[in-house]
Amino acid sequence: MDIKLIRNATLIVEYAGKKFLIDPMLAEKGTYPPFPNSIRQDQNNPLVDLPVSLDDVIKDVDAVIVTHLHLDHFDDSAKNVLPKGIKVFVQNEEDAQEVKTAGFQNVEVLTEHTDFDDVRLIKTNGQHGRGEILKLAGEVCGIVFKHQDEKTLYVAGDSVWYDAVQTEINMHQPDIIVVNGGDNQFHEGGSLVMGKEDIKETHNASPDAKIIVVHMEAVNHWTLSREELKDFINQEGIVSDVLIPNDGDSYSF
Numbered sequence: 261m262d263i264k265l266i267r268n269a270t271l272i273v274e275y276a277g278k279k280f281l282i283d284p285m286l287a288e289k290g291t292y293p294p295f296p297n298s299i300r301q302d303q304n305n306p307l308v309d310l311p312v313s314l315d316d317v318i319k320d321v322d323a324v325i326v327t328h329l330h331l332d333h334f335d336d337s338a339k340n341v342l343p344k345g346i347k348v349f350v351q352n353e354e355d356a357q358e359v360k361t362a363g364f365q366n367v368e369v370l371t372e373h374t375d376f377d378d379v380r381l382i383k384t385n386g387q388h389g390r391g392e393i394l395k396l397a398g399e400v401c402g403i404v405f406k407h408q409d410e411k412t413l414y415v416a417g418d419s420v421w422y423d424a425v426q427t428e429i430n431m432h433q434p435d436i437i438v439v440n441g442g443d444n445q446f447h448e449g450g451s452l453v454m455g456k457e458d459i460k461e462t463h464n465a466s467p468d469a470k471i472i473v474v475h476m477e478a479v480n481h482w483t484l485s486r487e488e489l490k491d492f493i494n495q496e497g498i499v500s501d502v503l504i505p506n507d508g509d510s511y512s513f
């Protein structure tokens, strides 16, 4: 497989001969206002440019996976540029209706047993924060990819560390785990995605897996930088197991 970070949580995953585009936020730098009630109110989103052209992002994509419909995972630009007949997988029927309303005609709700040709896609649980903030953050999911000729990949999505992530790891024994790790926050409510300690817990739960940390430094409410995370994993002695890509970087397994 090949996993390429585009920007934020947007990934291109080439797996068992299929090309998946995950959580496409495709607008030009500075297109949208900052997320409110958070830091960097003077900076519009996205904070950084795409590392490649839009054409390169969407070229030859077989299917799109949208873990939830927040702007930084499925934006107006993605809705405009993606072919309306492309296969789109979503987490629930409510999201499916919204994506269909945007004009997409081939939308499927993920389950624990979804097949895309010979690739098994397994919807996993996620928790977009802790406590009261969940009422605002809403429902999210992750995905496990399985194929007889590939390693098992777990894309955890916009989730903090909690018991269901442990359960998914125990159940699927992933070889590669992608986590959203910018410790994004509003002024109240705490972490919306993984921070340093969450990433350490993920490693502790799956010490033989390679962990790729994305969703960093791309939207205004991030609080964990790549440099700070690099210092942390160095101190913890897990540098070889935790990968921190720059936008445009890719890994093959």
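So for the sequence shown, our numbering puts the first residue at 261; every next one is plus one.
Just so you know, even glycine gets a beta-carbon here, dropped at the ideal spot from N, CA and C.
Just so you know, these numbers come straight off a predicted model, no measurement behind them.
Residue i to residue j span [Cα, whole Å]
i      : j      : result
Leu413 : Asp435 : 6 Å
Gly514 : Ile282 : For the chain, the structure presents residues 261 to 513; residue 514 sits outside this window and is missing.
Val367 : Glu358 : 10 Å
Gln365 : Asn494 : 47 Å
Asp491 : Glu477 : 16 Å
His328 : Ile393 : 16 Å
Glu428 : Asn352 : 19 Å
Leu271 : Phe446 : 24 Å
Val257 : Val308 : Beyond the ends of the chain as shown, which are 261 and 513, falls residue 257; an answer cannot be given.
Ala276 : Ser337 : 28 Å
His388 : Ala287 : 23 Å
Gly449 : Asp507 : 28 Å
Leu342 : Ala323 : 10 Å
Pro306 : Pro294 : 8 Å
Asp332 : Val479 : 8 Å
Glu274 : Ser510 : 11 Å
Asn297 : Trp482 : 12 Å
Phe513 : Ile325 : 21 Å
Extent of the continuous alpha helix (DSSP H) to which residue i belongs
i      : result
Thr427 : 423–432
Ala397 : 393–397
Buried versus exposed call for residue i [16 or more other C-beta atoms within 10 Å across all chains shown]
i      : result
Lys319 : exposed
Lys395 : exposed
Met261 : buried
Gln433 : exposed
Val499 : exposed
Ser451 : buried
Asp315 : exposed
Lys344 : exposed
Pro284 : buried
Asn430 : exposed
His330 : buried
Residue interval of the beta strand (DSSP E) (run including residue i)
i      : result
Leu281 : 278–282
Ile436 : 436–440
Lys470 : 470–474
Leu413 : 413–415
Ile403 : 401–406
Asn366 : 366–369
Collapsed DSSP secondary structure at residue i in the structure displayed
i      : result
Gln357 : helix
Glu457 : helix
Thr270 : strand
Phe492 : helix
Asn297 : coil
Leu265 : strand
Lys319 : coil
Arg380 : strand
Lys344 : coil
Thr374 : strand
Leu484 : coil
Leu452 : coil
Leu329 : coil
Ser510 : strand
Leu503 : strand
Asn464 : helix
Nearest-angstrom beta carbon gap, residue j and residue i [assumed within contact, 8 Å]
i      : j      : result
Asn268 : His475 : 6 Å
Val321 : Ile346 : 7 Å
Thr208 : Ile472 : Residue 208 falls outside the range modelled here, since the chain spans only 261 to 513, and no answer is possible.
Ile456 : Leu489 : Note that residue 456 is Lys in the sequence shown here, rather than Ile. With 8 Å as the limit, Lys456 and Leu489 qualify as a contact, their Cβ atoms being about 6 Å apart.
Ile382 : Val400 : 15 Å between Cβ atoms; not a contact.
Residue i at chain B interface by Cβ criterion, 8 Å
i      : result
Lys289 : Looking at the structure shown, chain B is missing, and only one protein chain is on hand.
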